[in-house]
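The structure appears right after this line, and notes come after that.
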Amino acid sequence: MENIKIRLFIPTLLMLTFFIAGISYVSYLQYSSFRQQADTLTKKHQNALIALLDTEQQRNRRLINSLSNNWHLIDNVTIHNIDRLLDVIIPYHDFMNFDLVNIYDLNGITMARADTPGVFGKPDELYPLVLETVSKPVIHPLVAKYNGELILLSLKRLDGNYGPIGVIAVGKYLDQKMVDDFASEYHLNLKLYYDGNGVLSSLKDQRVTKINKQRKSPVDFSGQIIGTAPLQGELIEDISLAEKDFWSNLFILISGISLISLLIVYASRRIIVSAANSLDKARALAEKKTSELKAAYDEMEHRVEERTSELKNVNIELEEEITVRIRAEKALNKSHERLLTVMDSLDALVYVADMDTYELLFVNKYGREIWGEITGKICWKSLQSGQTEPCQFCTNKKLLNGDGNPTGVYIWTLQNTVNQEWYECRDQAIRWTDGRLVRMEIATNITERKKVENQLKSSLREKETLLLEIHHRVKNNMQIISSLLSLQSRYIKDKHYISMFNESRSRIKSMALIHEKLYQSKNLENIDFNDYIKSLVNDLFIFYGIQGGHIVLNINIENVILDIDTAIPCGLIINELISNSLKHAFPDGREGKIEITSRKMNIKGVNEYELIVSDNGIGMPDDLDFRKTESLGLSLIVTLSEDQLQGKLDFKRDNGTECRIHFKELKHKENR
Numbered sequence: 130m131e132n133i134k135i136r137l138f139i140p141t142l143l144m145l146t147f148f149i150a151g152i153s154y155v156s157y158l159q160y161s162s163f164r165q166q167a168d169t170l171t172k173k174h175q176n177a178l179i180a181l182l183d184t185e186q187q188r189n190r191r192l193i194n195s196l197s198n199n200w201h202l203i204d205n206v207t208i209h210n211i212d213r214l215l216d217v218i219i220p221y222h223d224f225m226n227f228d229l230v231n232i233y234d235l236n237g238i239t240m241a242r243a244d245t246p247g248v249f250g251k252p253d254e255l256y257p258l259v260l261e262t263v264s265k266p267v268i269h270p271l272v273a274k275y276n277g278e279l280i281l282l283s284l285k286r287l288d289g290n291y292g293p294i295g296v297i298a299v300g301k302y303l304d305q306k307m308v309d310d311f312a313s314e315y316h317l318n319l320k321l322y323y324d325g326n327g328v329l330s331s332l333k334d335q336r337v338t339k340i341n342k343q344r345k346s347p348v349d350f351s352g353q354i355i356g357t358a359p360l361q362g363e364l365i366e367d368i369s370l371a372e373k374d375f376w377s378n379l380f381i382l383i384s385g386i387s388l389i390s391l392l393i394v395y396a397s398r399r400i401i402v403s404a405a406n407s408l409d410k411a412r413a414l415a416e417k418k419t420s421e422l423k424a425a426y427d428e429m430e431h432r433v434e435e436r437t438s439e440l441k442n443v444n445i446e447l448e449e450e451i452t453v454r455i456r457a458e459k460a461l462n463k464s465h466e467r468l469l470t471v472m473d474s475l476d477a478l479v480y481v482a483d484m485d486t487y488e489l490l491f492v493n494k495y496g497r498e499i500w501g502e503i504t505g506k507i508c509w510k511s512l513q514s515g516q517t518e519p520c521q522f523c524t525n526k527k528l529l530n531g532d533g534n535p536t537g538v539y540i541w542t543l544q545n546t547v548n549q550e551w552y553e554c555r556d557q558a559i560r561w562t563d564g565r566l567v568r569m570e571i572a573t574n575i576t577e578r579k580k581v582e583n584q585l586k587s588s589l590r591e592k593e594t595l596l597l598e599i600h601h602r603v604k605n606n607m608q609i610i611s612s613l614l615s616l617q618s619r620y621i622k623d624k625h626y627i628s629m630f631n632e633s634r635s636r637i638k639s640m641a642l643i644h645e646k647l648y649q650s651k652n653l654e655n656i657d658f659n660d661y662i663k664s665l666v667n668d669l670f671i672f673y674g675i676q677g678g679h680i681v682l683n684i685n686i687e688n689v690i691l692d693i694d695t696a697i698p699c700g701l702i703i704n705e706l707i708s709n710s711l712k713h714a715f716p717d718g719r720e721g722k723i724e725i726t727s728r729k730m731n732i733k734g735v736n737e738y739e740l741i742v743s744d745n746g747i748g749m750p751d752d753l754d755f756r757k758t759e760s761l762g763l764s765l766i767v768t769l770s771e772d773q774l775q776g777k778l779d780f781k782r783d784n785g786t787e788c789r790i791h792f793k794e795l796k797h798k799e800n801r
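Adding 129 to a residue's 1-based position in the sequence shown gives its number in this note's numbering.
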């Protein structure tokens, strides 16, 4: 510890020694400079020190008002700055006793006493000094020539808020008495000379011999003589006094420096001891902090190990998740490839188009081979020709309901305008991968099928024509048979046989009427049952000679369409029932009523029919069993109802006779 103190003390002492030597050398340089300045203090004199003190604004205003009668003011003077510039107090003198008080700006005189000669706003003899004062705050004292006379001057720069705003100059004209008094007081040998005209001229061959430094002057001699006729001479200061003052000051300076050096050494020693103690404390604190830091480091290492272990586990989980995603992506890519393979293997056009922009988002190989690489193009421009706008047959509106949801598959056919081929199209609105609704269309070429269909339609028309001819001929043949039976019955005298012939004619006519209706209808398979029954019953009334209206006929048949396989047995049944009613129900011209009712019912999705034929005649005998009767008409009714129509037959004998038949429409189209 002591070694450390000694090592620190020795450099400090050496530094103080070098510092004292440096101060001594600087003092010697100052003394030399002082001797040089004493030799160059020529043409320097003293003048009264002008003290410029700022006072209250109100007093300045009063001062300006008091001067307004004795001063010239230039029109362009900034009045609001004058109150800061003219409150000038000269020590030992009132400024009104000066011969010259001028205020200048860069253009010349701006304000002066009323008796001051010169042109206001123009430069005068003092203007060069004014320009020099702009760069120096104060120039005083100095002797210059003004209006032909010597004048003792002092100039001060006037500053405003934003820099110099002008210069004030005060001065006193010099006469011989003033020069003598001035020289006597300050130990100067001065004399003024006048030329023959009585005009004051410059001083010549005069020399300043001495300046009395024992008495402090109230003014500072720091100016220089400037003018056309400068005062000649030199200012010689008492060098002996200066030398004495210098060595005295130097001794005091060295003594002070030595004392300060001792104080510094003492303070340095205390500082070194304190620093050493602080160093011990710092070392102990450092050891403590090092121990704490090591413990913190160990704790941090432990946490890092735990965190590293956690990160390893997370990394393993991420690797597993990435592996799963990679597998899923590969599976998805394989699925996508398989889907593309399936799409490209289809012998049909498959494409997907945006429902708003009509852009083709996908086209399979079949479409690319026929229409080219059209993916990304507009469908109605690429798949069709001659289109200037979206196709009128576009199915976009049919694929969505009012709520904008898909409606399902829409099937339609189209002949393409590019290759003139026929296609069966299956359109459907689906969600694309980005969530928007698109139209997917699968178009299968059906050109060959169309040709076959056209051939089948042509063949069908031929068959329909042939069938019409067959119905027409069957009807004619049946009418011929009916006519032959009618002719044959003329040669039969037995009424029983005549009745049999007439019944046969009636049955034949009912069947012929069906063929006639089929021939007249546009549909060769179905017949309007209502129209057929009305025609059949009307012919029966005529056939049996029912006139006068004593038998009323009511037909209540719904708009029922029956095929020929169902209509023929129904017609024969109605023919037998109406014939029996006309022959037996109303004997001896008895009045009565016959009703025919037919209606269609849908039971469990199956079309079923009910046929009711009734009269209010004398009715059937109570002992008559319609299933075992020998009557041909009743036997036909039972056979046609239960065997051919596969229906249910029921007779009621209350208030006449009612026959009710319940049956289904026969389905023999596939068997024909």
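Every residue, glycine too, gets a C-beta built ideally from N, C-alpha and C. Remember, predicted model here, so these are calculated numbers, not experimental data.
So, residue i versus residue j, is the Cβ gap smaller than 8 Å?
i           : j           : result
residue 741 : residue 684 : no
residue 627 : residue 610 : no
residue 482 : residue 567 : yes
residue 738 : residue 681 : no
residue 273 : residue 284 : no
residue 300 : residue 392 : no
residue 561 : residue 490 : yes
residue 555 : residue 538 : yes
residue 656 : residue 691 : yes
residue 232 : residue 297 : yes
residue 608 : residue 641 : yes
residue 501 : residue 546 : no
residue 542 : residue 575 : yes
residue 747 : residue 714 : yes
Please return the same chain residues whose Cβ sits closer than 6 Å to the Cβ of residue i, not counting the five positions on each side in sequence.
i           : result
residue 544 : 551
residue 472 : 479 and 493
residue 630 : 614 and 618
residue 795 : 694 and 695
residue 383 : none
residue 659 : 686
residue 790 : 740, 770, 776 and 778
residue 275 : 254
residue 569 : 481, 557 and 559
To which residues of the same chain is residue i closer than 7 Å at the C-beta, ignoring the five residues directly before and after it?
i           : result
residue 745 : 721, 722, 784 and 785
residue 548 : 499
residue 639 : 665, 700, 701 and 704
residue 763 : 755
residue 444 : none
Considering only DSSP beta bridges, list what residue i is partnered with.
i           : result
residue 535 : 529
residue 780 : 788
residue 690 : 657
residue 731 : 736
residue 560 : 566
residue 232 : 240 and 297
residue 548 : The partner list for residue 548 (beta bridge, DSSP) is empty, contrary to what the question assumes.
residue 722 : 681
residue 572 : 478 and 554
residue 742 : 725 and 788
residue 673 : Paired residue(s): none; residue 673 is not in a bridge.
residue 522 : BP columns for residue 522 are empty, so no partner.
residue 489 : 482
residue 302 : 280
residue 507 : 488
residue 540 : 555
residue 793 : 737
Which residues in the same chain as residue i place their Cβ atom closer than 8 Å to its Cβ, once the five residues preceding and following it in sequence are excluded?
i           : result
residue 519 : 487 and 509
residue 708 : 632, 635, 669, 673 and 762
residue 396 : none
Exercise. In chain order, which beta strand (DSSP E) runs of at least 3 residues are fully inside the stretch 269-299?
Worked result: 278-289
Problem set entry | Touching by the beta-carbon criterion (3+ pairs, under 8 Å), the stretch 766-785 and the stretch 696-714 | yes
Exercise. Can you find at least 3 beta carbon pairs, one from the stretch 452-465 and one from the stretch 532-544, that sit closer than 8 Å?
Worked result: no
For this session: Let me know the beta strand (DSSP E) ranges lying completely inside the stretch 454-484, each 3 residues or longer, listed in chain order.
Result: 478-483
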